[in-house]
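Note sheet for the following structure.
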Amino acid sequence: ARRASDRRLMPASVSALTPSLTHARAAASSLSRSNPRAARRGRAVVSESAESSDASNRDALAMNATSSTGRALTIQSHVVSGYVGNKCAVFPLQLHGFDVDPILSVQFSNHTGYGSWKGEVMTGDQLWSLVEGLETNGLLKGYTHLLTGYIGSASMLRTVARLVRKLRQHNPDLVYVCDPVLGDNGKMYVPAPLVGIYRDEIVPLATLVVPNQFEAELLTGSPIASEDDAIAACAALHAMGPPNVVLTSVDLDVARGGDGGDAASVDVSSSTFAHGPTRLRLKNSPAGFNTSSTKSKSLCPRPF
1 ARRASDRRLM
11 PASVSALTPS
21 LTHARAAASS
31 LSRSNPRAAR
41 RGRAVVSESA
51 ESSDASNRDA
61 LAMNATSSTG
71 RALTIQSHVV
81 SGYVGNKCAV
91 FPLQLHGFDV
101 DPILSVQFSN
111 HTGYGSWKGE
121 VMTGDQLWSL
131 VEGLETNGLL
141 KGYTHLLTGY
151 IGSASMLRTV
161 ARLVRKLRQH
171 NPDLVYVCDP
181 VLGDNGKMYV
191 PAPLVGIYRD
201 EIVPLATLVV
211 PNQFEAELLT
221 GSPIASEDDA
231 IAACAALHAM
241 GPPNVVLTSV
251 DLDVARGGDG
261 GDAASVDVSS
271 STFAHGPTRL
281 RLKNSPAGFN
291 TSSTKSKSLC
301 PRPF
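Residue numbers are given in full-length UniProt numbering: position 192 of the sequence shown equals residue 192, and the series is strictly consecutive.
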């Protein structure tokens, strides 16, 4: 079955990028005192007086967004039944103090790990229409983080690359966390052409890329059957552009033809690590439950 998120924000590897929850709560409290209706969004209160111009409203929104604890745009799937994609991403990000804006890359009845599903896939034109709407209202300036997960079409994936470049025009320090959702356990979940688009157009733009073992093999073109292979995969992914790499759900026993044993690992690599990649061994859960969410609980000093 599909892992329980679309997937892994890997809090252990990105905790340094997240703002203070205490600071976020203080900011929200201050905002709620000035205007309770605006507290949910955590953004500037825009005057509703007749004298206020649309331009000043947009400037106020952008100014507050850039000075807040963080504003994340997350482009991932939505399913009616189950918990993957944005249903797993939005709440943890909010608990970390982010103001979160979700875009649904697909709307499916259930995740694609099932034998069948129904629903709609967003196209590149539809995504760009949303981007244009945000930009028209001055809402594209304040993003500090972008996360992408399951993308169901080639046109949308290429539009994501276009979006990253536009966001970095507004904020050159934008943190882009890319989960290149391609498949797992030897099975692809998306059309085959997406592999090349991720490798050539998307991964080079990422600040942090978080493929699982199968996805790393697809992106690098090399099997991972040993710890040396995993380290080489990290190096190959670094060479594509991203300074930070997390290989999730790495199970070398399965790669050697075993049954998975009782442990899996998460391999964390950064171009800033003087000691090279770090490997974290985690106990496997029963079949179907060895998900990123259970691994994240093991990695986090406290629950979400």
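For each residue, glycine too, the CB sits at the ideal point set by N, CA and C.
Between A233 and A216, the C-beta gap is smaller than 7 Å, which places the two residues in contact. Residue burial annotation: S105 is buried, with at least 16 other C-beta atoms found within 10 angstroms of its C-beta. Taking a contact as a CB-CB distance under 8 Å, the pair Q76 and T148 counts as one, their CB atoms being some 7 Å apart. Residue range 71-79 is occupied by the beta strand (DSSP E) that includes A72. Annotated three-state conformation of G119 is strand, per DSSP. Contiguous alpha helix (DSSP H) elements confined to the stretch 149-234 occur at 154-170, 193-197, 213-220, taking only those with 4 or more residues.
The continuous beta strand (DSSP E) containing L104 extends over residues 99-108. Residue nearest to T248 within the set D184, W117, G113 is D184 (criterion: CA-CA distance).
If the five residues before and after R168 are omitted, its C-beta is found closer than 7 Å to the C-beta atoms of L174, all from its own chain and listed in chain order.
Bounds of any alpha helix (DSSP H) do not take in L139, whose DSSP letter is neither H nor E.
Proximity to V131 across V80, D101, L237 peaks at D101, based on C-alpha coordinates. Pairing P204 with G115, the inter-Cα distance amounts to about 33 Å. A distance below 7 Å between beta-carbons, with the five flanking residues on each side excluded, links V245 to the following residues of its chain, in chain order: V209, C234, L237, H238, S269. Apart from the 5 residues on each side of it in sequence, P277 sits with its Cβ closer than 7 Å to the Cβ of I231, C234, D267, V268, S269 in its chain, given in chain order.
Shortest Cα-Cα distance from W117 to any of D228, P92, D229, Y189 involves Y189. Taking a contact as a CB-CB distance under 8 Å, the pair P242 and A206 counts as one, their CB atoms being some 4 Å apart. In this structure, the alpha-carbon of V90 lies about 16 Å from that of Q107. Counting of Cβ neighbours within 10 angstroms places V80 among the exposed residues, the total staying below 16. Rounded to the nearest whole angstrom, the C-alpha separation of P211 and S153 is 18 Å. Secondary structure of V84 (DSSP, three-state): coil. Leaving aside the five residues that flank N110 on each side, the residues in its chain whose CB is nearer than 8 Å to its CB run, in chain order, V79, V80, S81, G82, W117. Residue nearest to I202 within the set L157, G133, C88, V84 is L157 (criterion: CA-CA distance).
Taking a contact as a CB-CB distance under 8 Å, the pair L134 and L127 does not count as one, their CB atoms being some 11 Å apart. For T248, the enclosing beta strand (DSSP E) begins and ends at 244-250.
Here P180 has Y198, P211, E215 as same chain residues with Cβ atoms under 6 Å from its own Cβ, once five neighbours each way along the sequence are excluded. By the criterion of a C-beta distance shorter than 7 Å, H170 is surrounded in its chain by L140, K141, once the five residues flanking it on both sides are discounted. Nearest C-alpha to G186 among P223, A161, S129: P223. Here L146 is actually not in contact with V121; their C-beta atoms are around 20 Å apart, not less than 8 Å. For N137, the number of other beta carbons within 10 angstroms of its own is below 16, and it is reported as exposed.
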